[in-house]
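Protein chains in written order, with full-length UniProt numbering: chain A, 1 to 472; chain B, 1 to 472.
Structure first, then comments.
2 protein chains.
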Amino acid sequence: MAAPSTSAAQTGRRSYGTTPRINGQRMMDTIHTTCEAWGQAHRYGDHHTETGMARLALDDNDAHVRRWFAEQVEALGCTVTVDQVGNQFAVRPGKTNTDANGNKVAPTFMGSHLDTQATGGRYDGILGVLAGLEALRTIHEQGIETQGPIGLVNWTNEEGARFPLITMASGVWAGVTPLETAWNTKETPAAAAIYGNSDRPATVKEELQRIGFLGDTPATHTAMPMAAHFELHIEQGPILETEQRKIGVVEGAQGYAWYEVTVRGKDAHAGTTPLHTRKDALLAAAQMIFAGNGVAQSESASTPEKKGVVTTGVVSALPGTPNTIPHTAQFTLDIRHPSPERLAAMVDACRSQFAAIAGKTGVEVDWKCLSDNAPAIFHPDCVAAVQAAAEEEVGTVTTREGETQQGWRRIWSGAGHDSCNVNKHYPASMIFTVTRDGLSHTPVEYCSPEDCIVGAQVLLGAVLRFDAKREL
Amino acid sequence: MAAPSTSAAQTGRRSYGTTPRINGQRMMDTIHTTCEAWGQAHRYGDHHTETGMARLALDDNDAHVRRWFAEQVEALGCTVTVDQVGNQFAVRPGKTNTDANGNKVAPTFMGSHLDTQATGGRYDGILGVLAGLEALRTIHEQGIETQGPIGLVNWTNEEGARFPLITMASGVWAGVTPLETAWNTKETPAAAAIYGNSDRPATVKEELQRIGFLGDTPATHTAMPMAAHFELHIEQGPILETEQRKIGVVEGAQGYAWYEVTVRGKDAHAGTTPLHTRKDALLAAAQMIFAGNGVAQSESASTPEKKGVVTTGVVSALPGTPNTIPHTAQFTLDIRHPSPERLAAMVDACRSQFAAIAGKTGVEVDWKCLSDNAPAIFHPDCVAAVQAAAEEEVGTVTTREGETQQGWRRIWSGAGHDSCNVNKHYPASMIFTVTRDGLSHTPVEYCSPEDCIVGAQVLLGAVLRFDAKREL
Numbered sequence: 001m002a003a004p005s006t007s008a009a010q011t012g013r014r015s016y017g018t019t020p021r022i023n024g025q026r027m028m029d030t031i032h033t034t035c036e037a038w039g040q041a042h043r044y045g046d047h048h049t050e051t052g053m054a055r056l057a058l059d060d061n062d063a064h065v066r067r068w069f070a071e072q073v074e075a076l077g078c079t080v081t082v083d084q085v086g087n088q089f090a091v092r093p094g095k096t097n098t099d100a101n102g103n104k105v106a107p108t109f110m111g112s113h114l115d116t117q118a119t120g121g122r123y124d125g126i127l128g129v130l131a132g133l134e135a136l137r138t139i140h141e142q143g144i145e146t147q148g149p150i151g152l153v154n155w156t157n158e159e160g161a162r163f164p165l166i167t168m169a170s171g172v173w174a175g176v177t178p179l180e181t182a183w184n185t186k187e188t189p190a191a192a193a194i195y196g197n198s199d200r201p202a203t204v205k206e207e208l209q210r211i212g213f214l215g216d217t218p219a220t221h222t223a224m225p226m227a228a229h230f231e232l233h234i235e236q237g238p239i240l241e242t243e244q245r246k247i248g249v250v251e252g253a254q255g256y257a258w259y260e261v262t263v264r265g266k267d268a269h270a271g272t273t274p275l276h277t278r279k280d281a282l283l284a285a286a287q288m289i290f291a292g293n294g295v296a297q298s299e300s301a302s303t304p305e306k307k308g309v310v311t312t313g314v315v316s317a318l319p320g321t322p323n324t325i326p327h328t329a330q331f332t333l334d335i336r337h338p339s340p341e342r343l344a345a346m347v348d349a350c351r352s353q354f355a356a357i358a359g360k361t362g363v364e365v366d367w368k369c370l371s372d373n374a375p376a377i378f379h380p381d382c383v384a385a386v387q388a389a390a391e392e393e394v395g396t397v398t399t400r401e402g403e404t405q406q407g408w409r410r411i412w413s414g415a416g417h418d419s420c421n422v423n424k425h426y427p428a429s430m431i432f433t434v435t436r437d438g439l440s441h442t443p444v445e446y447c448s449p450e451d452c453i454v455g456a457q458v459l460l461g462a463v464l465r466f467d468a469k470r471e472l
Numbered sequence: 001m002a003a004p005s006t007s008a009a010q011t012g013r014r015s016y017g018t019t020p021r022i023n024g025q026r027m028m029d030t031i032h033t034t035c036e037a038w039g040q041a042h043r044y045g046d047h048h049t050e051t052g053m054a055r056l057a058l059d060d061n062d063a064h065v066r067r068w069f070a071e072q073v074e075a076l077g078c079t080v081t082v083d084q085v086g087n088q089f090a091v092r093p094g095k096t097n098t099d100a101n102g103n104k105v106a107p108t109f110m111g112s113h114l115d116t117q118a119t120g121g122r123y124d125g126i127l128g129v130l131a132g133l134e135a136l137r138t139i140h141e142q143g144i145e146t147q148g149p150i151g152l153v154n155w156t157n158e159e160g161a162r163f164p165l166i167t168m169a170s171g172v173w174a175g176v177t178p179l180e181t182a183w184n185t186k187e188t189p190a191a192a193a194i195y196g197n198s199d200r201p202a203t204v205k206e207e208l209q210r211i212g213f214l215g216d217t218p219a220t221h222t223a224m225p226m227a228a229h230f231e232l233h234i235e236q237g238p239i240l241e242t243e244q245r246k247i248g249v250v251e252g253a254q255g256y257a258w259y260e261v262t263v264r265g266k267d268a269h270a271g272t273t274p275l276h277t278r279k280d281a282l283l284a285a286a287q288m289i290f291a292g293n294g295v296a297q298s299e300s301a302s303t304p305e306k307k308g309v310v311t312t313g314v315v316s317a318l319p320g321t322p323n324t325i326p327h328t329a330q331f332t333l334d335i336r337h338p339s340p341e342r343l344a345a346m347v348d349a350c351r352s353q354f355a356a357i358a359g360k361t362g363v364e365v366d367w368k369c370l371s372d373n374a375p376a377i378f379h380p381d382c383v384a385a386v387q388a389a390a391e392e393e394v395g396t397v398t399t400r401e402g403e404t405q406q407g408w409r410r411i412w413s414g415a416g417h418d419s420c421n422v423n424k425h426y427p428a429s430m431i432f433t434v435t436r437d438g439l440s441h442t443p444v445e446y447c448s449p450e451d452c453i454v455g456a457q458v459l460l461g462a463v464l465r466f467d468a469k470r471e472l
């Protein structure tokens, strides 16, 4: 089998041959056996693969899969470093591992996350790490000598589902989130109830200690530098499926802002308080949730690409009895747009519409920013490596209608990813695969074996291409 | 001081003199000292009386006030019976206590409840019981011999705030709610968290046992019959205050229906799922909550009395993370109207509007009836007794504008009360007092000392009038 050509030209681009073939069946078996061993939940069909996942960050299932992960990569000659927030960095040596000054050469990394949402699926994050593992297995088995070291990282708590801090540990590593903030983050009430911690919700640091993944290595991008970072991920949207393409070459990720909106009215008896004297916090919140969607609808309608979304995922009302008009309602807003200016405009539109609703209904409204992430524009070298690998793998495809078309397209990520944090310091890009019905963060999330394998093949091709061009 | 005249005419109406004066200061002291000892919460001002209450049914504060209540009434010559759902019936003998066949004579009862909402006030329920206590103290001190026995009942779990079954124990007594249903009702998750029972929420029966109020007497209206039942209560609405009247003579209570509405959509990623492909359960629920209010607005606008309300007090969304479109949203509807036909029409209007929203947004909607209470029309003899007592006490009043007007008015109750359950079997009526800003079920709920005392005076007057007319 052809190994990539790494001709020893001292300057300029090295030529690159064809990408070695991974063992697709082995990768799919690895995905399903590890999901079934650690965290499967929410059965939706009869086949053994037809369940979702509930492998929440730092729970016992996460601990098991982490230990298994370390064993697997060590068997391939990797050393594994665990940092202060539990990130696992596996590194396999290449031809050159130290520079002229005796300093370590930064590896070319692959990476994603092994944690899931509480009602998550088998592909979001998991595919990226286990395709990386398959890539390392292929490199190892086929005796491929890479220019520099090749790495694979399992980022801690990407989902923010148990500990509500999304892309938490890559954020600490990138210097975006203080270490203490991450360590002190408590599990949500819903998660605390699952783990019997309602009386005293656990913190990230406590759980890192409990499962043995509180490492000594500083959680910083200088302590663990990267030549680049490539992440394979399901698209989580409908574009590839709709256009009948196999691969998305990800140019960047849209920005997103998270807010917690608190509406304060007046509690009063539901049976005896006339409509016109009410200050119903939840009734006002309901109108705001609808208005937030309206902001997204008009933003989306204003461009052909239909960009811009607003979502409310969390809502509550107090005191929370059927016969009391709520004095307080709280809800989240997740607002996204690829353009920072348009994102800001959408936030402003929500603010002014909510203020108008508050004025009409006699309530008060407070905004608290939970997270504000600028759009990420991925590095052109990484994007080029992904595109070349995609062209090799799926240059043309035949549609169901019998037409021939390019098998990949450039695409923007709607979601935030660990790669966006890496991209603040080192070159990064991502590879997207087809996602059935565009659905993720749900048990029925699905990427076909064929599409998982194509994606892993492009991941390996991109990494080896990037590595081949390194001047070490 | 004049005792009521009970001339021994064998037939026809007995004449009635003037009602003895209660000790208003003592009653107000009793209200505030017992609130401050057992369950005060939610301070809103500097004065010692400026807190609300959180005396949830069958908690330790409720246990304390129940034991205190029994001591107080026993000191007045009452016997206290506790039934299987913890209702406390205090009975003070009258002139005639058994009939010609040796059977007990049913007492003329006063009653209300000593439990509160989690963010409740000092008057809802508490005023009714403690005004009844003051009436018994007055009768006892002044040596008034009543025709028949006089009773005072403290109904268990009227609020349904901890154990979500409103007017629970009068409902069991009236045969509306099966005993086992009440016994097996679990505390809400919010209440369980307060009491450290999150892992295993307590049931009504367990808590009755724990606090020593699981009585032997069958909880039935035949085991504890009543000649009548009079309940003093804050209006919980703005009508008396707005019209500058002191007393509401309650003719009946509007019907109400409680529903739990479940909306099912599809969970999906908030960043990557285009608006037009979403089935957002919470976005649909928000529109339904707003539409429910719209149904009430148009119903209320169609009559001069502005009858008809719809309220959502409880809402939740799953899976409950900011970046996942909810697959499920759930909310309550509390729908009320004095006319059963209009109540049914309002429910129908909500059903059809919700179905239309579901159709447009691609979600499914399910309704579950939690409670369906027909309007109560109080007994004319009881209403007449209340009206005569009100006429005696506040026949005319002078408004702030210097005009003289009738000090009481006939009124409908917007809320459900234990009296509605009593009224299914025995004559009942209620007396309403002025409620500041119409607010109840909130810590700032307030009825002035003057208005509390006027109300208690009318309660005593109504009970003695009803008793004086009994042929025993």
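We put the beta carbon where it would ideally sit given N, CA and C, even for glycine.
These figures come from a predicted structure and were not determined experimentally.
Counting only the same chain and skipping the five closest in sequence on each side, list residues whose C-beta sits under 6 Å from that of residue i.
i                      : result
residue 79 of chain A  : 91
residue 112 of chain A : 125, 128, 129, 231
residue 477 of chain A : This structure cannot settle anything about residue 477 of chain A, because the visible part of chain A is limited to 1 through 472.
residue 282 of chain B : 317, 326, 329
Would you mind sorting residue i into buried or exposed? The rule is 16 or more other CB atoms within 10 Å of its CB.
i                      : result
residue 187 of chain A : buried
residue 293 of chain B : buried
residue 286 of chain B : buried
residue 46 of chain A  : exposed
residue 196 of chain B : exposed
residue 142 of chain B : exposed
residue 473 of chain A : For residue 473 of chain A there is no data in the structure shown, the boundaries of chain A being 1 and 472.
residue 7 of chain B   : Because residue 7 of chain B sits at a pLDDT of 43, beneath the cut-off of 50, its placement in the model cannot be relied upon, and the following sentence gives the value as read from the coordinates. Residue 7 of chain B comes out exposed.
Could you pull the DSSP bridge partners for residue i from this structure?
i                      : result
residue 256 of chain B : B:336, B:373
residue 154 of chain A : A:88, A:112
residue 429 of chain B : B:230
residue 204 of chain B : Answer is none; residue 204 of chain B lacks a bridge partner.
residue 264 of chain A : A:328, A:364
residue 316 of chain B : B:330
Apart from the five residues just before and just after residue i, which ones in its own chain have a Cβ nearer than 7 Å to its Cβ?
i                      : result
residue 374 of chain B : 255, 340
residue 183 of chain B : 203, 204, 205
Could you work out which residue in the options is closest to residue i when comparing CA atoms only?
i                      : options                    : result
residue 379 of chain A : A:36, A:439, A:287, A:466  : A:466
residue 228 of chain A : A:377, A:449, A:107, A:48  : A:107
residue 176 of chain A : A:461, A:420, A:386, A:275 : A:420
residue 93 of chain A  : A:169, A:147, A:242        : A:147
residue 314 of chain A : A:73, A:54, A:47, A:164    : A:164
residue 57 of chain B  : B:105, B:132, B:451, B:157 : B:157
residue 425 of chain B : B:18, B:17, B:220, B:27    : B:220
residue 191 of chain B : A:194, A:191, A:185, A:199 : A:199
residue 473 of chain A : A:440, A:458, A:470, A:469 : Residue 473 of chain A is absent from the structure shown; chain A starts at 1 and stops at 472.
residue 429 of chain B : B:274, B:318, B:109, B:300 : B:109
residue 34 of chain B  : B:67, B:42, B:15           : B:67
residue 384 of chain B : B:249, B:121, B:70, B:65   : B:249
residue 436 of chain A : A:451, A:422, A:427, A:27  : A:451
Which residues in the same chain as residue i place their Cβ atom closer than 8 Å to its Cβ, once the five residues preceding and following it in sequence are excluded?
i                      : result
residue 271 of chain B : 323
**Study point:** Cβ-based contacts, 7 Å cut-off: residues of the stretch 438-456 of chain B near chain A
**Key:** 438, 439, 440, 441, 442
Practice item. Scan the stretch 391-409 of chain A for residues whose Cβ lies nearer than 9 Å to a Cβ of chain B and list them as they occur along the chain. Key: none
Point to revise | Members of the stretch 314-332 of chain B that neighbour chain A once the beta carbon cut-off is set at 9 Å | key: 314, 315, 316, 317, 318, 319, 320, 321, 322, 323, 324, 325, 326, 327, 329, 331, 332
Exercise for review: With 7 Å as the limit, tell me which residues of the stretch 268-282 of chain A have their beta carbon closer than that to any beta carbon of chain B; keep them in chain order.
Suggested key: 268, 269, 270, 271, 272, 273, 274, 275, 277, 282
Practice item. Check each residue of the stretch 217-249 of chain B: if its Cβ is closer than 8 Å to any Cβ of chain A, include it; give the result in chain order. Key: 235, 236, 237, 238
**Study point:** Residues within the stretch 199-216 of chain A neighbouring chain B, beta-carbon criterion of under 9 Å
**Key:** 199
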